[in-house]
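Visitor: Before anything else, here's the structure in question.
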C-alpha cells in the first residue's frame, strides 16, 4: 500500500529536549515536505526537499532542521523545542513528474512542548 | 497579507443543498491550484485539482478565475459525508512551495 508514515503520532516533551520526528514514504517520490498546522493559520511549509541531499526552507523554518540522506526518509529535527512549536505536524511527498502535483500526507504528529 | 485566504465558515447546510466556497490568492504568478479535504485534524487528502477551463468530478465542480485571482468549489446535493474542512491550496511561482488556506468548515445536517 502506497503511504507516508510518521512517528511518533503523539509526543509531549519539555522545552529544550531535542527530538526527531521521522517521516518515510514508499512511493519513490523525489519531493518531500514538512508542514505545521495551527488553528486559524492553516498549513505552513517548514522545509522541503527536491531529492536526496537537496533541501530548502519553506515559510517557517526557524527552530527546525531536516536531512535527506535517503530518498524514502525525511526526518524533522527540533534541536531545542520551545512551547511555540506546539502544533500538528504533517509530512508529505509527491512525484516531481506528476502532472497533478498531488501531495500525499502522513497521518500527522501532534507535538506538545511544555 | 496571507498568500491564500478563505472564509473559515462554518457553513451549515441541510442534506441535498448546494454550497459554494471561494478562495483568493495573492500571487498572480501562481502555477497550480487544488482543493483538499481534511477530516477532523486528520491528514489532508486531494479532492481535486483546479484547471483554467474548470473541471467537474461527480457532484464537485471547481473553477479558476486567474484575472480575479480566485478559486471556487461547488458541491451539489450535499451528503452528510461531505462534512469536513475544505482547504484551498496554491502552488507558488517557486515550483516547490505550496500555500494553504486556513480552510472552510462544512457541516451537512440531516
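Chains as they are written, first to last, in our numbering: chain A, 851 to 964; chain B, 15 to 124. Beta carbons are placed, not taken as given, at the ideal position from N, Cα and C, and that holds for glycine.
#1: Need the endpoints of the beta strand (DSSP E) that residue 919/A sits in, please.
#2: Can you confirm whether the region 103-121 of chain B touches the region 33-53 of chain B when touching is taken to mean that 3 or more C-beta pairs between the two stretches lie within less than 8 Å?
#3: Do you know how far the Cα of residue 88/B is from the Cα of residue 103/B?
#4: How would you write the range of the beta strand (DSSP E) that residue 911/A sits in, first residue to last?
#5: Taking residue 120/B as part of the beta strand (DSSP E), name the residues at either end of that continuous run.
#6: If you run the structure through DSSP and keep just helix, strand and coil, what is residue 933/A?
#7: Cβ atoms of residue 58/B and residue 832/A: under 9 Å apart, would you say?
#8: Counting pairs of beta carbons, one from the region 870-882 of chain A and one from the region 914-925 of chain A, are three or more of them closer than 8 Å?
#9: Pick from 866/A, 944/A, 882/A, 928/A: whose alpha carbon is nearest that of residue 964/A?
#10: Quick check: the Cα distance between residue 936/A and residue 890/A, rounded to an integer number of angstroms?
#11: Tell me the residue span of the beta strand (DSSP E) that contains residue 51/B.
#12: Give the straight-line distance between the Cα atoms of residue 870/A and residue 50/B, rounded to the nearest whole angstrom.
#13: Mind checking if residue 35/B is an interface residue toward chain A, Cβ cutoff 9 Å exclusive?
#14: So is residue 112/B in contact with chain A if we call contact Cβ pairs under 9 Å?
#15: Taking the alpha-carbon positions, what's the residue 74/B to residue 862/A distance?
#16: Just the chain B side, please: which residues come within less than 9 Å of residue 952/A by C-beta, in chain order?
#17: Tell me where the beta strand (DSSP E) around residue 898/A begins and ends.
#18: Give the straight-line distance between the Cα atoms of residue 80/B and residue 46/B, rounded to the nearest whole angstrom.
#19: Let me make sure I understand the geometry here. Which of 933/A, 930/A, 955/A, 934/A has the alpha-carbon closest to that of residue 879/A?
Guide: Looking at the coordinates:
#1: Indexing the first chain from 1 puts residue 919/A at position 69. Looking at the DSSP string, residue 919/A is not in any beta strand (DSSP E), and its letter there is neither H nor E.
#2: yes
#3: Taking the second chain and counting its residues from 1, one reaches residue 103/B at position 89. Taking the second chain and counting its residues from 1, one reaches residue 88/B at position 74. Rounded to the nearest angstrom, the two C-alpha atoms are 16 Å apart.
#4: Here residue 911/A refers to the residue found at position 61 when the first chain is read from its first residue. Counting along the chain, residue 911/A falls outside any beta strand (DSSP E), and DSSP gives it neither H nor E.
#5: Looking up residue 120/B in the second chain gives position 106. Per DSSP, residue 120/B is one residue of the beta strand (DSSP E) stretching across 118-123.
#6: Your numbering for residue 933/A matches position 83 in the first chain. The answer is helix: DSSP assigns residue 933/A an H, G or I state.
#7: The displayed coordinates of chain A run from 851 to 964. Any statement about residue 832/A would go beyond what the structure contains.
#8: yes
#9: On the first chain, position 114 is the one that residue 964/A refers to. The residue with the shortest Cα to Cα distance from residue 964/A is 866/A.
#10: The sequence position of residue 936/A within the first chain is 86, counting from 1. The sequence position of residue 890/A within the first chain is 40, counting from 1. Each residue's CA atom was taken as its position, placing residue 936/A and residue 890/A some 14 Å apart.
#11: What you label residue 51/B is simply residue 37 of the second chain in a count that begins at 1. Where residue 51/B is concerned, the enclosing beta strand (DSSP E) stretches over 46-52.
#12: In the first chain, counting from the first residue as 1, residue 870/A sits at position 20. In the second chain, counting from the first residue as 1, residue 50/B sits at position 36. Cα-Cα distance, rounded: 27 Å.
#13: Here residue 35/B is taken as the residue at index 21 of the second chain, counted from 1. False, the Cβ-Cβ gap to chain A never drops below 9 Å.
#14: As a working mapping, residue 112/B is identified with position 98 in the second chain. Chain A contact via Cβ: present.
#15: Taking the first residue of the second chain as 1, we reach residue 74/B at position 60. Taking the first residue of the first chain as 1, we reach residue 862/A at position 12. Straight-line Cα distance between these residues: approximately 39 Å.
#16: In the first chain, the residue the question calls residue 952/A occupies position 102. Among the residues of chain B, those whose CB is under 9 Å from the CB of residue 952/A are 48, 60, 63, following chain order.
#17: Residue numbering aside, residue 898/A sits at position 48 when the first chain is read from its first letter. Counting along the chain, the unbroken beta strand (DSSP E) around residue 898/A starts and ends at 892-901.
#18: For the purposes of this step, residue 80/B is taken as residue 66 along the second chain, with counting starting at 1. For the purposes of this step, residue 46/B is taken as residue 32 along the second chain, with counting starting at 1. Inter-residue distance for residue 80/B and residue 46/B is about 11 Å (C-alpha atoms, whole angstroms).
#19: What you label residue 879/A is simply residue 29 of the first chain in a count that begins at 1. If you compare the alpha carbons of 933/A, 930/A, 955/A, 934/A with that of residue 879/A, the shortest gap goes to 955/A.
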